[in-house]
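Chemist: Residue numbers (the UniProt record's numbering), protein chains in the order written: chain A, 1 to 413; chain B, 1 to 413.
Ideal placement from N, C-alpha and C gives every residue a C-beta, glycine not left out.
Since we're looking at a predicted model, the values are computed, not measured.
1. Report the rounded CA-to-CA distance for residue 338(B) versus residue 209(B), giving the unit in angstroms.
2. Would you say residue 328(A) faces chain B, with C-beta separation under 8 angstroms as the test?
3. When you compare the segment 291-302 of chain B with the segment 325-342 of chain B, are there three or more beta-carbon pairs, one atom per stretch, that lie closer than 8 angstroms?
4. With DSSP as the reference, identify every bridge partner of residue 400(A), one or two as the case may be.
5. Can you tell me which of 188(B), 218(B), 111(B), 161(B) puts its alpha carbon nearest to the alpha carbon of residue 13(B)?
6. Using a threshold of 8 angstroms, state whether the C-beta atoms of residue 4(A) and residue 172(A) are closer than that.
7. In whole angstroms, what separates the C-alpha of residue 356(B) from that of residue 312(B)?
8. Taking only the alpha-carbon atoms, compute the straight-line gap between residue 418(A) and residue 276(B) and give it to the nearest angstrom.
9. In its own chain, which residues sit with a C-beta less than 6 angstroms from the C-beta of residue 352(B), not counting the 5 before and 5 after it?
10. Between residue 241(A) and residue 364(A), is the Cβ-Cβ spacing less than 8 angstroms?
11. Exposed or buried, which one is residue 96(B) when buried takes at least 16 other CB atoms within 10 Å?
12. Which residue wins for smallest C-alpha separation from residue 138(A), given the options 122(A), 162(A), 157(A), 147(A)?
13. Assuming residue 40(B) and residue 153(B) make a contact with CB atoms under 8 angstroms, what is their CB distance in whole Å?
14. If I measure Cβ to Cβ from residue 354(A) and keep anything under 6 angstroms in the same chain, skipping five residues before and after, which residues do I get?
15. Measure how close the beta-carbons of residue 160(A) and residue 33(A) come, nearest whole angstrom, since I'm counting them as under 8 angstroms.
16. With a 10 Å radius around its C-beta and 16 neighbouring C-beta atoms as the bar for buried, classify residue 366(A) as buried or exposed.
17. Taking the alpha-carbon positions, what's the residue 418(B) to residue 219(B) distance?
18. Looking at the strands, I want to know which residues DSSP matches up with residue 225(A).
19. Classify residue 14(B) as helix, strand or coil using the three-state DSSP reduction.
20. Can you grab the Cα-Cα spacing for the pair residue 287(A) / residue 109(A), in whole Å?
21. If you check the beta carbons only, do residue 170(A) and residue 378(A) fall under 8 angstroms apart?
22. For residue 238(A), does the count of other Cβ atoms within 10 angstroms reach 16, so buried, or fall short, so exposed?
23. Just to confirm, are residue 282(A) and residue 336(A) a CB contact at a threshold of 8 angstroms?
24. Kindly confirm or deny that the segment 68-79 of chain B and the segment 184-203 of chain B touch, where touching means at least three C-beta pairs closer than 8 angstroms.
25. Mapping DSSP to helix, strand and coil, what is residue 125(A)?
26. Report the rounded CA-to-CA distance for residue 196(B) versus residue 117(B), giving the unit in angstroms.
27. Where residue 199(A) and residue 221(A) are concerned, what is the direct C-alpha to C-alpha distance, given to the nearest angstrom?
28. Per DSSP, what are the beta-bridge partners of residue 22(B) in this structure?
29. Below 8 angstroms, can you find three or more Cβ-Cβ pairs linking the segment 265-280 of chain B to the segment 389-397 of chain B?
30. Roughly how many angstroms separate the alpha carbons of residue 401(A) and residue 125(B), rounded to a whole number?
31. Under the rule that 16 or more other beta-carbon atoms within 10 Å means buried, what is residue 92(B), buried or exposed?
32. Taking just the CA atoms, how far does residue 403(B) sit from residue 83(B)?
33. Do residue 235(A) and residue 18(A) have their CB atoms nearer than 8 angstroms?
34. Between residue 346(B) and chain A, is there a C-beta pair that is closer than 8 angstroms?
35. Where does residue 279(B) land, buried or exposed, given buried means 16+ other C-beta within 10 angstroms?
36. Establish whether the CB of residue 204(A) and some CB of chain E are separated by less than 8 angstroms.
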């Protein structure tokens with residue numbers, strides 16, 4: 001594994017100075033190789049699917065694992081979309097002059113080497129490889145054993161793309177799944193070779209990475225997203241947004257899990273919103289006060305305020321206006337995404353100032369928590385840490401920076 | 001210690017929404033309290049100095065520890081300078097609109113709670129406390145036992161300032177030095193309370209923090225800074241800059257430690273530069289080829305290329321032009337600061353593109369590696385990591401950000 005680390009580090013140097021044209025050429029060639037290899041990829045995937053069935057994998061897991069021709073085409077298209085993104089490397093983020101004539105520039109640079117640890121979604125091999133490459137980073141990919149054949153077949157196409165653009169093949173390395181100690185070694189940074197770890201997968205994977213990693217991690221453990229409906233909310237808008245935030249897709253990290261209703265809106269907003277949710281098939285778990293007004297809801301326990309259901313279930317309680325919402329969120333939120341539905345600009349301002357989550361929305365659905373929806377192109381994930389990659393992690397967030405200082409002979413007095 | 005962590009976390013919330021005026025009022029009141037308490041501070045410091053002498057502390061250590069009236073005045077002045085800095089919190093760093101009408105803003109927020117672990121420089125108590133406060137962060141200070149009395153006296157003045165501006169006193173807490181387990185507990189984050197650790201002190205402290213911390217660390221282990229003199233360098237400028245980079249102050253992290261001379265400039269630039277250094281009292285440790293031309297230098301060993309002398313000593317070798325300089329720096333640098341002296345813009349461009357250090361300078365001294373010299377005001381240190389605080393760490397680098405998304409009822413299709 002240390003060898004993989006040092007090869008990645010060596011590859012990161014030419015990659016950091018590769019031109020945009022060269023990186024895009026590699027990406028387009030990868031996409032073409034994937035299209036051309038559709039049959040090979042599907043044959044490899046069939047082995048994984050067969051093995052998965054034999055070991056009794058469940059429905060949604062099998063769904064993520066299984067490829068068909070249109071999914072392979074979508075993987076290729078995803079790589080082409082990364083090629084179309086603006087190259088962040090070399091961008092001058094800030095520039096200023098000093099009284100002594102020094103001209104200082106802050107310039108984006110690649111992060112270096114990124115380790116991606118993921119479960120059995122074979123498309124992550126291509127998505128993560130392409131995003132890291134576009135930002136000039138070498139990447140070490142460690143996929144789940146259940147998708148090993150599929151990942152290897154896709155990785156071979158990425159290597160073809162690198163070769164065709166004269167970029168080092170070590171820029172995108174796939175760790176053999178037979179190496180059981182690989183994840184642990186990656187989490188310690190492979191002797192200083194890995195700059196950032198990105199986990200892609202379920203909560204137990206992310207929790208392990210966050211607790212064991214000795215290098216920075218770009219991730220979120222869970223998306224316990226809140227929607228707060230203020231007394232000033234437009235009722236129709238609130239119904240529409242809450243329904244979308246909870247029910248559009250219940251399994252995504254931006255799905256709402258808790259609904260906070262302003263106590264002052266108990267008589268006006270509560271019942272219509274809960275009826276809308278119930279009619280859409282959503283289970284309601286409510287505080288005693290809410291149940292007094294809406295008896296169809298089942299009782300919520302303390303655990304419900306802490307639960308990311310990822311399912312058609314929502315916890316509902318009253319709060320004392322925006323202050324109460326801020327308090328509830330401070331106590332229970334995972335700092336991922338929260339929304340306020342309100343027409344009162346003062347309530348919105350307080351919510352935006354005082355809630356400390358990566359993404360705050362006003363009069364819009366929490367399901368917009370997504371790099372593509374933010375206009376940042378593809379994302380490698382959403383981060384809830386305080387470091388520079390907070391919120392959607394796209395190509396720009398996969399960079400660091402350096403200072404370039406231009407002088408004319410200045411020495412320091 | 002966990003109690004200190006949760007009190008800091010609680011204090012961070014009102015601090016994050018404190019107005020600029022309120023924070024500045026606290027800072028000015030702190031400065032005034034320090035001036036008013038000069039005698040108390042000096043009396044406390046006298047105890048530390050007495051204890052230090054008794055335990056046989058060395059010259060430079062005693063110098064950093066010892067305060068007098070003018071040093072106390074400088075501490076107060078330093079706090080007033082922090083008050084004069086622009087408040088970074090709330091600044092909209094980026095803003096854009098989406099086709100669906102969503103308006104997205106990226107806004108600076110405080111990091112939260114910062115842990116500062118430092119050795120026996122009592123002024124760090126005030127500097128770090130003031131900088132963290134200005135950026136809206138709570139701070140947990142853990143100073144060295146040798147300056148315990150001085151730090152306590154200064155900390156009392158900071159508390160006075162917080163009170164007078166109605167800010168929570170827990171915003172700046174000083175950990176008792178009697179708590180021996182405190183550093184270890186801080187490095188694990190105090191149960192999720194600490195967002196970032198900043199070590200201030202010698203290499204062994206920083207090395208311990210970097211190896212044990214389970215939260216992000218803003219620091220540099222060493223400043224093994226290089227100056228490369230290209231064949232195209234103006235000789236007079238090169239002499240002046242190399243002299244300043246090495247000898248202005250030899251104990252700072254931005255001092256040059258290795259001189260790389262373009263082999264093509266062996267006959268023109270080498271001797272005059274080395275003579276200038278030797279005349280200024282600098283010891284020269286040189287490669288065999290350099291010694292062949294300048295026999296007064298002593299032989300360098302492999303270890304010299306890896307040594308941060310922090311003294312009037314420099315290692316000297318030839319390299320094959322800018323490519324050779326880039327290779328040498330890639331092998332030996334600590335990624336802190338490097339300079340190129342050259343008139344050839346192509347050489348400068350390659351150096352700036354391919355050297356992966358936090359600060360790169362062209363035709364200027366490495367001793368400019370400093371937040372004040374960058375125009376960023378006071379700094380809490382210089383970081384060599386790849387995360388958002390790279391290079392000088394000033395108030396702006398002590399912040400994070402969040403996204404604020406303004407909608408008009410948008411739901412995601």
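Modeler: Based on what the coordinates show:
1. Distance between residue 338(B) and residue 209(B), taken at the CA atoms: about 25 angstroms.
2. Not a single CB atom of chain B sits nearer than 8 angstroms to the CB of residue 328(A).
3. Here the segment 291-302 of chain B makes no contact with the segment 325-342 of chain B; the two share fewer than three CB pairs at distances below 8 angstroms.
4. According to DSSP, residue 400(A) bridges with 109(A).
5. Among 188(B), 218(B), 111(B), 161(B), the Cα nearest to that of residue 13(B) is on 111(B).
6. Between residue 4(A) and residue 172(A), the C-beta gap is not smaller than 8 angstroms, which leaves the two residues out of contact.
7. A direct Cα-Cα distance of roughly 26 angstroms separates residue 356(B) from residue 312(B).
8. Look at the range of chain A in this structure, 1 to 413, and you will see that residue 418(A) is not part of it.
9. Here the set comprises 360.
10. A contact, by the Cβ cut-off of 8 angstroms.
11. By the Cβ neighbour-count rule, residue 96(B) is exposed, with fewer than 16 other Cβ atoms within 10 Å of its own.
12. Ranking 122(A), 162(A), 157(A), 147(A) by Cα distance to residue 138(A) puts 162(A) first.
13. The beta-carbon separation of residue 40(B) and residue 153(B), rounded to 6 angstroms, stays under the 8 angstroms limit for a contact.
14. The answer, listed in chain order, is 326.
15. Yes, they are in contact, since the Cβ atoms of residue 160(A) and residue 33(A) sit about 4 angstroms apart, within 8 angstroms.
16. It counts as buried.
17. The requested residue 418(B) is not part of the displayed model; chain B covers only 1 to 413.
18. Under DSSP, residue 225(A) forms a beta bridge with 256(A).
19. Helix, per DSSP.
20. If I take the Cα positions, the gap works out to 50 angstroms.
21. No, they are not a contact pair.
22. Buried is the call here.
23. No, the Cβ-Cβ distance between residue 282(A) and residue 336(A) is not below 8 angstroms.
24. Segments in contact, no.
25. Helix.
26. Taken atom to atom, the span from the alpha-carbon of residue 196(B) to that of residue 117(B) is near 11 angstroms.
27. The straight-line gap from Cα to Cα measures roughly 10 angstroms.
28. DSSP lists no partner for residue 22(B).
29. The segment 265-280 of chain B makes no contact with the segment 389-397 of chain B; the number of CB pairs closer than 8 angstroms stays below 3.
30. Cα-Cα distance, rounded: 30 angstroms.
31. By the beta-carbon neighbour count (other beta carbons within 10 angstroms, threshold 16), residue 92(B) is exposed.
32. Roughly 27 angstroms separates the two Cα atoms.
33. No, the pair does not count as a contact, with Cβ atoms beyond the cut-off.
34. No - not a single Cβ of chain A is within 8 angstroms of the one on residue 346(B).
35. Exposed, because fewer than 16 other Cβ atoms sit within 10 Å of the Cβ of residue 279(B).
36. In summary, chain E is missing from the structure at hand, where the protein chains are A and B.
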